[in-house]
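There are 2 protein chains.
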Amino acid sequence: MDEKKERTLTEKIVNLCLRRGILSPNSEIYGTFAGFYDFGPVGVELKRNVEASWWKTFVHMREDIVGIDGAIITHPAVWKASGHVDAFNDPLVVCTRCKKRFRADHLIEGALHINVDGMSLDHINEIVSSVKVVCPDCHGILAMEKPFNLMFKTHVGAVEDEASVAFLRPETAQLIFINFKAVQQFSRKKLPFGIAQIGKVFRNEISPRNFVFRCREFNQMEIEYFIHPAEMNDCPYLSEVSDDLLQLCTEKMQLEGKNEEIITMSVKQAVNEKIIGTTWHAYWIARFLRWFTEIGISSENLRVRQHIKDELSHYSSETWDIEYKYPWGWKELMGIANRGDFDLIQHAQHSGKDLSYFDQEKGERVVPYVIEPSAGLERLIFTILLDSYYEKSEKDEIKTVLKLNPTIAPVKVGVFPLMKKDGLKEKAREVYEMLNNYFVCEYDDAGSIGKRYARADEIGTPFAVTIDYQTLQDSTVTLRDRDSASQVRVHISELVETIRKALNLSSGGIS
Amino acid sequence: MDEKKERTLTEKIVNLCLRRGILSPNSEIYGTFAGFYDFGPVGVELKRNVEASWWKTFVHMREDIVGIDGAIITHPAVWKASGHVDAFNDPLVVCTRCKKRFRADHLIEGALHINVDGMSLDHINEIVSSVKVVCPDCHGILAMEKPFNLMFKTHVGAVEDEASVAFLRPETAQLIFINFKAVQQFSRKKLPFGIAQIGKVFRNEISPRNFVFRCREFNQMEIEYFIHPAEMNDCPYLSEVSDDLLQLCTEKMQLEGKNEEIITMSVKQAVNEKIIGTTWHAYWIARFLRWFTEIGISSENLRVRQHIKDELSHYSSETWDIEYKYPWGWKELMGIANRGDFDLIQHAQHSGKDLSYFDQEKGERVVPYVIEPSAGLERLIFTILLDSYYEKSEKDEIKTVLKLNPTIAPVKVGVFPLMKKDGLKEKAREVYEMLNNYFVCEYDDAGSIGKRYARADEIGTPFAVTIDYQTLQDSTVTLRDRDSASQVRVHISELVETIRKALNLSSGGIS
Chain A
661 MDEKKERTLT EKIVNLCLRR GILSPNSEIY GTFAGFYDFG PVGVELKRNV
711 EASWWKTFVH MREDIVGIDG AIITHPAVWK ASGHVDAFND PLVVCTRCKK
761 RFRADHLIEG ALHINVDGMS LDHINEIVSS VKVVCPDCHG ILAMEKPFNL
811 MFKTHVGAVE DEASVAFLRP ETAQLIFINF KAVQQFSRKK LPFGIAQIGK
861 VFRNEISPRN FVFRCREFNQ MEIEYFIHPA EMNDCPYLSE VSDDLLQLCT
911 EKMQLEGKNE EIITMSVKQA VNEKIIGTTW HAYWIARFLR WFTEIGISSE
961 NLRVRQHIKD ELSHYSSETW DIEYKYPWGW KELMGIANRG DFDLIQHAQH
1011 SGKDLSYFDQ EKGERVVPYV IEPSAGLERL IFTILLDSYY EKSEKDEIKT
1061 VLKLNPTIAP VKVGVFPLMK KDGLKEKARE VYEMLNNYFV CEYDDAGSIG
1111 KRYARADEIG TPFAVTIDYQ TLQDSTVTLR DRDSASQVRV HISELVETIR
1161 KALNLSSGGI S
Chain B
661 MDEKKERTLT EKIVNLCLRR GILSPNSEIY GTFAGFYDFG PVGVELKRNV
711 EASWWKTFVH MREDIVGIDG AIITHPAVWK ASGHVDAFND PLVVCTRCKK
761 RFRADHLIEG ALHINVDGMS LDHINEIVSS VKVVCPDCHG ILAMEKPFNL
811 MFKTHVGAVE DEASVAFLRP ETAQLIFINF KAVQQFSRKK LPFGIAQIGK
861 VFRNEISPRN FVFRCREFNQ MEIEYFIHPA EMNDCPYLSE VSDDLLQLCT
911 EKMQLEGKNE EIITMSVKQA VNEKIIGTTW HAYWIARFLR WFTEIGISSE
961 NLRVRQHIKD ELSHYSSETW DIEYKYPWGW KELMGIANRG DFDLIQHAQH
1011 SGKDLSYFDQ EKGERVVPYV IEPSAGLERL IFTILLDSYY EKSEKDEIKT
1061 VLKLNPTIAP VKVGVFPLMK KDGLKEKARE VYEMLNNYFV CEYDDAGSIG
1111 KRYARADEIG TPFAVTIDYQ TLQDSTVTLR DRDSASQVRV HISELVETIR
1161 KALNLSSGGI S
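Residue numbers (this note's numbering), protein chains in the order written: chain A, 661 to 1171; chain B, 661 to 1171.
So this is what it looks like as C-alpha cells:
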C-alpha cells in the first residue's frame, strides 16, 4: 500500500467510529477535549468483549493468575517509590516567540523523519539545539524546558497544599505490587503466579495523537507474573508455544541499523540462541501473540522488537514490544518487560514492610522477579479495527465490512423480516426474542434488506437471520454469513445450536 | 438485633473482606489512604458478576437501552453547565483552635442524633452557631467555612493555570447527556429509550466513612431514560411490575414526623393514589427493587423513601431512594430521580447545540424528560455482603457462610479430592479441568475436607464437588449444596448439566 492509501485507511476507521458510535472525541458538543474519548453503543460492546476475552483467557482459564481491581487515586508514596515522581517525564520545548509547548522527541521525529524511540534526553537536547528545529506553528526559536512529569495531580481532602497532593495512576502495575503480599496470602498461590488487572490510567500527554493510539486517559490490561529468581528459565508452559513463529527485530539488528529488517524463528529457537533472555519472557511474548491471533489480528502484521538499551524504562532489564504494522509504521501494540525485583524492593524500602515471599519447600525467603505483559485496551481496539476493515464492491457500490472475530463482535446476530407486512414482522419478533436469550442480537426492519445487511456488516455482525415468506410455510429462515455473504436455510428449532456452533463459542461458555 | 450486635455485623463483614481478599483499604503498606479501596481476587470477581448482571438485565435483554462508556476527565464546560461547579458542595466547618475541618451536617448528626438528610445549608448554619457544636477532636469553637466543592480538580496540558483546569467526573450521568444526540442518531432509537453506563466517579468527601458505604472513588451504574414529556404516564412495562409490593416512606409521612414508619402497597396502587408522580418513575423504582431481589437481597430489608423538598438536588423535581436497612439505619442504596429536561436544556444553552429530539410521527421537536436510576457499585456490594452473611454452629465452632446468589458468586464450584493419595488427586484434577471450561471453579486439596468446605462457604461458593474412593469405582462424585450442606452423588458425565441446572443459569447464557 502506498502512503496516501494508508493514510486514508486511518481516516476511514475514524470516520466509521464516528458514524457508527464506536469511539468519538469526548465533549464534542463543547468542541472536543484533546486526548479524551467516549465509547458509543457499539464501541462499549466491543470493549467489553475484548476485556472479557482477556479476563477469561488469562484469569478464569488459568489457576496461576488471579485478578484485582485497585484505586485510581493512590497514596502519593506509591509513586515516589515506583520512580514515577522523579522519572516519568517527557522532554519538553517551548517556543520563545509564541510560548507554545511541544514534545521535543515528537518534533524531531516530524521535522527530521528519524525514529526517536529510545533516544536519550541528552541526545534529544543536542539535536534540538544543533539542528535548530523551529516552532511548527510560528517558526520561532525553541528552548528546552525542564522535563515534564506525565502524572495528573490533584488534592485529596479539604485543604489544597503540598501535603494533600495525590496523583492519578499512570499505570495499573503499582497497584499490583503494593498488594502483592496480601494477594499472595489471600489466594495461597505459590511461585510462579500472576496478578492481573484491567483499569483506567491517566497520562498528561503534551501531544496526544493518532486518534486513540496515544490518548490521555485509557484502559490498561496488565499482568505482573512473579517468578523465583532462580527459575526464570523454568517455564513449564513453554512447550505449549515453542513451535509458534516469531518475527523478531533484535537490539543487535537495530544497533546495526537494520531497523526494518526482521528475522523469523520459533520461540524455542529464540530461547536456545539466547535472543530472548529467559524462557518465561519468551513464553509470555508468544502467549500474547497467540491471543492476538485468537481474537482475529493477522499474524503477518505483528512482530516483536527488543528495546535498545537507551530505550529501556528505569525499572526494566529487558523489554520486548509486540508491534503492529500501523499505517504510520511499525509501532508498539503492547510491551512485555522484565521488571526483575525492582518494584518489590522499592516498595519494601519505602514502606518498611517485608514484601518477600517465603518458599516453604526450599525454606527460604526470596523477592520474586517479574515479567510484565502490558497492553492498552483503546490502542488494541483501534488495531483490531484497522486489521479487520475491508471493502467490497457490490453493484458499483463500495461496502464496508469489519471481519471481526465472533468472540469480540458487538452484535452476534441481526434478525430481519424481509417485509414488515403479512405477519413476517411478528414472526421475526418471535425469532428475535428467542435468540436474544442466547446471543446479543439486533432486530432491524428499517429500509431494504440489502441496507440492513450492509449496516450489520459495517459493525462486524457475523450472522444475519432473515424471516421470509417461506418461513411462514416451513419454519425455516435464511442464515447469512458475513464474510462469504452465503446463505443457508435453517429450521427455527435448530437455529440456536447452529449459530452457537458457527460462532465457535463453547457450549455455554464459562460463567 | 440490638445496637451492639448490629455494629458487630459491620465489623465482621469488614474483617471477612480483609481476610479473604474481597475489599481492602488502598495503599495499606503505606498506612492506607482514606476513602480509597482496592478489590482483591475474590472481590473483583464479585464486582464483575454484579456489573455483568446489571448490564445483561438492563442493556442486553432490553431493546430500549444501549450502553456507552465515557471519559472520566471531561471538558470543564460540562460541569459548569450541569451546575456542579456552582452547586456540588458540602457544608464545611473549621475548628478555630486545631484548624481541622469537618462536614457540618455529619457533625450535627453525630452530636445531636438527628437526621440531617434534606436539611438546607441555612438551617445547618443556624444549628451550628446556635447549639454551639464543638470540635469533636479538641472541643474548640467551630466556624462555618465557605461550602466545599466535592469535585477533584486537575490540570490538562503542559501549563498549570485557570485555563487548563479540569475535573474528575463526580457522576457518570453528564457523559450520557452530552452524548445524547449522537447516541440517539447512532442507535436510531425512538423515545422512550435509555442510555446506560458503568464507570468510576470521584467525590472529594471530607469524611469518608462506613467502609465502602461512602468513599472518594467508586463505580456508578446509571441509566438515563429519555421520555416524551407528554408520555410520562404512558409506561408500557408497568403491568410487568404493578403487582410488586413497595414499602414506602413518603414525603408527607416524613413532614408529619413519621420518619421510620412505612406503608406497604402495590406499584399500581402507588401510581393510582399519585404517591409516585408518574408511571415511568414508578416502573423504574419497582424494576430495580426486583433486580435487587433477583441478585439475592432480601426484600424485607428494602424500602423506598421520597426525598422531601429541601433534600432534592438542584436538577430534580421528584426523587425516590431505594433504602436498605443498614446496621446504622435505613440509608440510600440507590436513587431514582426525575431530572425532567434540566440537563439537556442546560447543555443546549451552554454549548449552543440543538439537543432536542425530532418526533417523526408527531412531526415535532421535543426535549425529553429523564428518569434516572443511579446506584453505586461498591455500596451495593457492601449491601450484598451484609445481607448474605450468616453464621452456623458446627461442632461448637461458628462457621461463616455467604448466601450469595449463584449468578454473582465469585466461584461457582469448588473441586476437592478427599485425599491427595491413591489417585484421588489425579481424578480430581481431571474433573476440575473439565468443569472449569463451563464455570469458574477452584481446586483445593489443602487441609481437611471440612476446612475446605468452610473456606468455600465463606466466599459464597454455591457448590462443592468431592472426589472420593467411590469415584474410582463408579465415576460418581458428591455434589454438596452450600446452603443445606446436603450431598448427592452424581455421575461425572452428568455433572455439567446438573450444576448448570442447579445454578439456574440459562443453558449457555447470553454471549
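Idealized CB from N, CA, C, for every residue including glycine.
| Item | Value |
| --- | --- |
| Go ahead and pull the three-state DSSP assignment for A:Glu1024. | strand |
| Alpha carbon to alpha carbon, how far is A:Ile887 from A:Lys850? Give it in angstroms, no decimals. | 9 angstroms |
| Distance check for B:Ala1008 and A:Lys1087, CA to CA, integer angstroms please. | 41 angstroms |
| Does any residue of chain B have a CB that is nearer than 7 angstroms to the CB of A:Asn870? | no |
| Is A:Ser1146 buried or exposed, if buried means 16 or more other CB atoms sit within 10 Å of its CB? | exposed |
| Any idea if B:Gly854 is buried or exposed, counting beta-carbon neighbours within 10 angstroms, 16 or more meaning buried? | buried |
| Report the residues of the region 728-753 of chain B with a CB closer than 8 angstroms to any CB of chain A, ordered along the chain. | Ile728, Asp729, Gly730, Ala731, Ile732, Ile733, Thr734, His735, Ala737, Val738 and Leu752 |
| Between the alpha carbons of B:Asn686 and A:Glu822, how many angstroms are there, rounded? | 20 angstroms |
| Are there any heavy atoms of the ligand FMN lying less than 6 angstroms away from the beta-carbon of B:Asn809, as far as the coordinates show? | In the structure on display, the ligand FMN does not appear, and there are no ligands present to speak of. |
| Starting from B:Phe837, trace the alpha helix (DSSP H) both ways and give me its first and last residue. | Ala833 to Ser847 |
| Out of A:Ala997, A:Gly743 and A:Arg763, point me to the one whose CA is closest to A:Tyr885's CA. | A:Ala997 |
| Listed from N- to C-terminal order along the chain, which residues in the region 1072-1090 of chain A have their beta-carbon within a distance smaller than 9 angstroms of any beta-carbon of chain B? | Lys1072 |
| For B:Trp988, which of helix, strand or coil comes out of DSSP? | coil |
| Between the region 1087-1099 of chain A and the region 671-685 of chain A, are three or more C-beta pairs nearer than 8 angstroms? | no |
| Between A:Cys875 and the rest of its own chain, which residues show a CB-CB distance below 8 angstroms, the 5 nearest in sequence each way excluded? | Gly695, Phe696, Tyr697, Glu865, Pro868 and Glu1038 |
| Which residue's Cα is closest to the Cα of B:Leu828: B:Val1100, B:Glu877 and B:Lys1080? | B:Glu877 |
| Can you check the region 1074-1161 of chain B for any alpha helix (DSSP H) of at least 4 residues that lies completely inside it and give the ranges in chain order? | 1084-1095, 1109-1118 and 1129-1134 |
| Can you tell me which of B:Ile784, B:Ser847 and B:Ile1005 puts its alpha carbon nearest to the alpha carbon of A:Gly703? | B:Ser847 |
| Assuming contact is defined by CB atoms lying nearer than 7 angstroms, are B:Thr1043 and B:Leu993 in contact in what I supplied? | yes |
| Can the beta-carbon of A:Tyr975 be found closer than 7 angstroms to that of A:Arg999? | yes |
| Between the region 1062-1078 of chain A and the region 1106-1120 of chain A, are three or more C-beta pairs nearer than 8 angstroms? | yes |
| Take the Cβ of B:Ser1166 as the centre, count every other Cβ of all protein chains shown within 10 Å, and call the residue buried at 16 or more, exposed below. | For B:Ser1166, the pLDDT reaches just 41, beneath the cut-off of 50, and the residue's location in the model is therefore unreliable, although a value from the coordinates is still provided. Classification of B:Ser1166: exposed, given that the 10 Å Cβ count is below 16. |
| Would you decide whether B:Lys655 is buried or exposed? Buried here means 16 or more other CB atoms lie within 10 Å of its CB. | With chain B running from 661 to 1171 in the structure shown, residue 655 of chain B is simply not present. |
| Are three or more beta carbon pairs between the region 745-763 of chain B and the region 800-812 of chain B nearer than 8 angstroms? | yes |
| Between the alpha carbons of B:Leu678 and A:Ala712, how many angstroms are there, rounded? | 26 angstroms |
| Consult DSSP for B:Asp782 and reduce its assignment to one of helix, strand or coil. | helix |
| For the region 876-946 of chain B, list the alpha helix (DSSP H) runs that are entirely contained and at least 4 residues long, ordered along the chain. | 898-901, 911-915 and 927-932 |
| Going by DSSP, which residues form a beta bridge with A:Tyr690? | Paired residues: none, contrary to the question. |
| Counting only Cβ pairs nearer than 8 angstroms, list the residues of chain A close to B:Asp698. | Ile728, Asp729, Gly730, Ala731, Leu835 and Asn839 |
| If you draw a straight line from the C-alpha of B:Tyr1029 to the C-alpha of B:Ile689, how long is it? | 48 angstroms |
| Expressed to the nearest angstrom, what Euclidean distance is found between the alpha-carbon atoms of A:Gly691 and A:Val843? | 44 angstroms |
| If you scan the region 1033-1082 of chain A from start to end, which runs of the alpha helix (DSSP H) of 4 or more residues do you find wholly inside it? | 1037-1048 |
| Whole angstroms are fine: how far does the CA of B:Gly995 sit from the CA of A:Cys755? | 51 angstroms |
| Any idea what DSSP makes of A:Ala1173, helix, strand or coil? | Because residue 1173 of chain A is not part of the residues shown, which for chain A are 661 to 1171, the question remains open. |
| Starting from the Cα of A:Thr924, find the closest Cα among A:Leu1040, A:Gln907, A:Asn932 and A:Trp940 and give me that residue. | A:Gln907 |
| Please list, in chain order, all residues of the same chain as A:Leu1155 whose beta carbon is under 6 angstroms from its beta carbon, the five residues on each side excluded. | none |
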